[in-house]
Every structure is written in structure tokens, then in C-alpha cells.
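In what follows, a single structure is set out as C-alpha cells and then discussed.
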Amino acid sequence: MNNAIAPDGGADATGLQDARAVDRLGPYLRATWERREWSWYVAASELRSRQVNSVLGNLWHLLNPLLQVGVFFLFFGLILQTDRGVDNFLGYLSIGIFVYLHSQKATLAGGKSMLQYRQLMQLISFPRALVPITSTMTEALAALSGYFVMVVVVVTTGETFTPAWLLVVPLFAVQVVFNAGLALITARAVHRVYDIQQVLPFVFRLGFYASGVLFNVNAYLEDNPLQVVFELNPLYCFIETYRGLLLDSNTVDTSLVITALIWSFAVFVVGMLWFRGAEDSYGSE
Amino acid sequence: MDPSSHPHLSIRVEDVHVRYRVVEDRGLKLSEVARRGFRSRGSSEVHALRGVSLDIGVGESVGILGRNGSGKSTLLRCIAGVQPLTSGRVLVRGRPQLLAVNAALDGRLSGRRNIYLGGLAMGLRRGEIDSHLDEIIEFAELRDAIDRPMRTYSSGMRARLAFSIATLSAPQILLIDEALAVGDRKFRRKSLERVRDMQRDAGTLIMVTHNLNEIRTSCQRAIWIHRGTVRADGEAGSVIDEYEATDE
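Protein chains in written order, with this note's numbering: chain A, -10 to 274; chain B, 583 to 830.
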């Protein structure tokens, strides 16, 4: 394979350059950034066209998350009663579910995007990182309605608004960066071995139970060495930080915030570099 | 040859091979499973290009002809820089652009939104599309249908829209894959004119088509691709005559 990663896009003295030259990292990132309008427009359009054929249309953006919370609350709140050590279980549960599912959907979409946009990659030349990044943007937009429902649930279950709630916005932005990193990694992995797509849902199901979505980890694992596993789990860190901001009974744990930030930065950088490593091969049959 | 001896070279294709595996949609016989082990599905290798070399100068207009499956479109994608090569390399001067936006469009959305989807995909800015919007709609002859979902368009309407979007940007190397054979006679004439204008600005034009007349009228040079190799390369008229005379 012709992996010409040459300076200046491979231009020689005559101005001829390799048609498949992969830009150096700087120009590559710049070219990706320059196409942000496209990414944004595709994401918004994708979201728009998803609901075009349903009777209730955009209402599903709200109904779907409400039903999700309803089902989980029925089983874990009312039947199994995993609400040990939680004051506002409905709010607690909503935050866990929406934050977790957002990252799950974004990661899986990153894998699918390579197939979804394959034809596009076969015809138009652009930094391929835009493909998983665009699917991440689509899922971020799609998740907004879930976060909206989440806030509504939190308010109606008696939490009081504080200015700290506004910090949810930058926290969401950090989570999107984290998701983009995961989507980039998944995209290359799925491009290599398609079967990974079959395994991923189970990985996320496992993670669902290991991220404290449904129960208060501290109430179950007090002084248990397993607690460290949770504290190093980036999604647990995100979920707990959202809870710390939105629930009166929870406080923000700075060490979890730092862990989440480090994870997001690291996953995004690794994802970008690793994805670009196979830039030359995307879009093949 | 040293490329620096060709200051007016627009495209240089050097011994390009393209090979890829495709998974076949068929079950395997037991004997094959025994032989291949756990590579559970049959796959076969397609050798689309087998050592193609070409030089194309700035200002040339080149038609590529050949039978279905001969590798014409693959060659065009190689020049566009979107096809992974197995070996060899393709050098270009300036930005090549395939005249193809269909893949960027979404049938569920209106023609208007698709103009933005296609234009942005080709690297245009939103403002540039804004200022050309009316012109595109006018050229595509879709004034009344522009806010309808694109999937409700006839194939002719869809092709006109795609062509109008695709010809909005001005690339230095214009690559066309069967894009001219769209719409009715009137639109075809109009689009041919548009392509001539673009070629004047672009400098280099390469088109793949089965319509030999299009090559005869629009190209000075023709290249005949046969089973992944260059079978003939020269003045358009004589290559076409040779192609037509060979019946295989």
C-alpha cells in the first residue's frame, strides 16, 4: 500500500502531488475543522430524516426517553428496589440511563458510520475522520432530548435549581469529545473486523452494570476493592458528576471530574491518531 | 521518466494496480470448508487494474472507454484520490474532483436541503451555496418541486439536481463518470455546455462514458481500458474506430 505521508501533501518541485497523500497531522486536523459546516449539516439532516415517517414525529424524541426511564424505574425502583442509599431514585436513574446510553449509541454509531458513508468515501475526497465525528455529532443532537427529559424529571421530583446546573453544558461538551474518541477507535476497529459490531452491544451491557447506572455503588461496595474499578470507569465518572451537579443529595467529586477529563482527552487523541493511521484504506470494498 | 521534465503534466499514473477481495453471497460446500477452515464465507479477488500507466497534460480532454467491468471507473476513482491502491501511485497537479454527489444526498430530505448537503460535501462553504441557490434551482429546472422530498422526484429530476449541484465547484481536474447522460435532450445539451465551460476553467477533463459520440465531440484523446490494462491510447477518433472494429 502506498502510504505517502509527505510534507506539503507530497508536492514535488513540479507541483505534482500524490493523489492519495495523507496530510501531516496539522493540515489534516485543519482540513477536518474546515469541513465542520458539512459535518454539522449532515448531523442535523440525519436527525431530521429519522422521524419523517412516524405519526407522532418529533414527539418521539421525548416519548422514547420517558418510556426508557419508565421501564427501568418499574423494575429496579419498584420491584427490585435497588434504591438503597438514594434519596431521589427517579432522578438518579434518569441521569444514569441518559448519560450512559448517549455514549453507548455514539460509540456504536461510529462503527456503523463507516458502512453508512462508504459510498460517499468512494466518491469524494475528505479527511475520513469526519465520518465518525459526524456520527458523533448526530448522536449528540439526538441525545439532547433525553437530557431535556432528564432535567424535567429532576425538577419535577423536587430538586432545586442552582447556578451549578449550568455546568452541565460544558460537561456535556466534554462527554461529546470522549464519545468522538470512542467513535474513532470503533470506526477503525469495525473497518478492519466487521464482526466487532456484534460484540460491542454486549460490552456495553456489561458496562451498564459496571457504571452505577441502576444503583448507588457506594451503598453496595463500601470499602470493597471493587470500588476502584468504578472510580476508574470514565462513564461512571461522567454519570456521578452529572448527579453531583443536578441532585441536592449528591456532591461533585473532584477526583472523578479529573478522571473524566483525562479519559476524554486521552481517548480523543488516541482515537484521532489511530484512526488516521489507516486513512489510506477507508472506502475500499 | 523524471516528472520534472514535464512542467505541464496534470496527471501521472504510475503502474497502478488495484486488487480487492469481495465476500461472495453463497454457501460453501463441505469440501471447501474443510480446505479453508474457518474463513466461513467464500471470497474472491477482483483485480480491477493491472498495471496502468498514463501521463495527461494540462488542458487535455480525455475520454476513457471500455466494456462494463473493464476498470474505467476504478481508474477515475484512483485519479480522484478516493480509491486505495494496491501498488503504484497517482500524481496530480491541483485538486481533482469527481462530478458525483449522489452519494452525499438523502432522498428523505427536500431538494433544497440536498443542495446544501451536496455542496458542503464538495467542500463549498454555506455562504457560497446561499448565493448560488437560485441559480442551481433554476438550472435544475426544479422551481416547483424544490421543497418536496427528493425521493418523490423522477429519476430525471434527481439527475438534474445532482448535476446542478456537482457542477457548482470549479476543480482544476474535472472527472466525469457517465454524468452527462442525464435528463432529456434539452437538459443534456445544456449540461454539455456547462461541462465545456468548466473544462475551460479547469484545464483538464477526463470522462468515462459508453457514449462514443460524447467522447468524439468533447475529447481530443481517448484511452481504451480493457481488463484492467490500457489497450489503446491516442487521438480520440482513431481509438474509437479501433474500439468499434474489435468485437470481443
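Idealized CB from N, CA, C, for every residue including glycine.
Keep in mind that this is a model prediction, so the values were computed, not measured.
Rounding to the nearest angstrom, what Cα-Cα distance links residue i and residue j in this structure?
i: V218 of chain A; j: V192 of chain A; result: 15 Å
i: S273 of chain A; j: Y602 of chain B; result: 8 Å
i: T280 of chain A; j: N239 of chain A; result: What the structure shows of chain A is the stretch from -10 to 274, and residue 280 of chain A is not part of that stretch, so it cannot be assessed.
i: E741 of chain B; j: G765 of chain B; result: The question names Glu, but residue 741 of chain B in the sequence shown is Ala. Rounded to whole angstroms, A741 of chain B to G765 of chain B spans 7 Å at the Cα level.
i: Q754 of chain B; j: V144 of chain A; result: 58 Å
i: R690 of chain B; j: D637 of chain B; result: 42 Å
i: T71 of chain A; j: P190 of chain A; result: 24 Å
i: V640 of chain B; j: G15 of chain A; result: 30 Å
i: K768 of chain B; j: Y825 of chain B; result: 29 Å
i: I788 of chain B; j: L109 of chain A; result: 20 Å
i: Q105 of chain A; j: P116 of chain A; result: 16 Å
i: H50 of chain A; j: S28 of chain A; result: 21 Å
i: R725 of chain B; j: D688 of chain B; result: 19 Å
i: V604 of chain B; j: D237 of chain A; result: 57 Å
i: G810 of chain B; j: V31 of chain A; result: 36 Å
Within 10 Å of its beta-carbon, does residue i have 16 or more other beta-carbons around it, so buried, or fewer, so exposed?
i: K654 of chain B; result: buried
i: R778 of chain B; result: exposed
i: Q781 of chain B; result: buried
i: W22 of chain A; result: exposed
i: H629 of chain B; result: exposed
i: V259 of chain A; result: exposed
i: V75 of chain A; result: buried
i: L187 of chain A; result: What sits at residue 187 of chain A in the sequence shown is Gln, not Leu. Q187 of chain A comes out exposed.
i: D12 of chain A; result: buried
i: S737 of chain B; result: exposed
i: A208 of chain A; result: exposed
i: I113 of chain A; result: buried
i: R856 of chain B; result: A query on residue 856 of chain B cannot be resolved here, the shown segment of chain B reaching from 583 to 830 and no further.
i: A827 of chain B; result: exposed
i: E128 of chain A; result: buried
i: D212 of chain A; result: exposed
i: F204 of chain A; result: buried
i: Y81 of chain A; result: buried
i: L48 of chain A; result: exposed
i: N77 of chain A; result: buried
i: S820 of chain B; result: exposed
For residue i, which residues in the same chain have their Cβ closer than 8 Å to its Cβ, ignoring the five residues on either side in sequence?
i: S200 of chain A; result: G85, Y89, F219, N222, L224, Y225 and I228
i: L667 of chain B; result: V598, H599, V600 and C660
i: F257 of chain A; result: V166, F167, A169, G170 and L173
i: V812 of chain B; result: V634, S635, L636, I805 and W806
i: S102 of chain A; result: V120, P121, T123, S124, A172 and A176
i: V138 of chain A; result: L51, P54, L55, V58, S83 and F87
Can you list, in chain order, the residues of its chain whose CB lies under 7 Å from that of residue i, leaving out five sequence neighbours each side?
i: V683 of chain B; result: G700, A703, M704, A744, I747 and A748
i: R694 of chain B; result: I728 and D729
i: L657 of chain B; result: L631, V634, I646 and I807
i: L715 of chain B; result: I697
i: V202 of chain A; result: G85, I86, Y89 and I228
Which residues share a DSSP beta bridge with residue i?
i: R675 of chain B; result: A:L5
i: V604 of chain B; result: B:S626
i: A827 of chain B; result: BP columns for A827 of chain B are empty, so no partner.
i: G738 of chain B; result: Bridge partners of G738 of chain B: none, in fact.
i: D759 of chain B; result: B:V790
i: E596 of chain B; result: B:R671
i: R803 of chain B; result: B:V644 and B:E817
i: V634 of chain B; result: B:V598
i: P731 of chain B; result: B:S692
i: V812 of chain B; result: B:I807
i: G639 of chain B; result: B:L591
i: L680 of chain B; result: B:L757
Whose C-beta lies closer than 6 Å to the C-beta of residue i among residues of the same chain, with five residues either side of it excluded?
i: R265 of chain A; result: none
i: A178 of chain A; result: I185
Could you name each continuous alpha helix (DSSP H) segment of 4 residues or more that falls completely within the segment 171 to 238 of chain A, going from the start of the chain to the end?
-> 185 to 198, 206 to 209, 216 to 221 and 223 to 235
Quick one: complete alpha helix (DSSP H) runs, 4+ long, within the segment 40 to 102 of chain A?
-> 49 to 61
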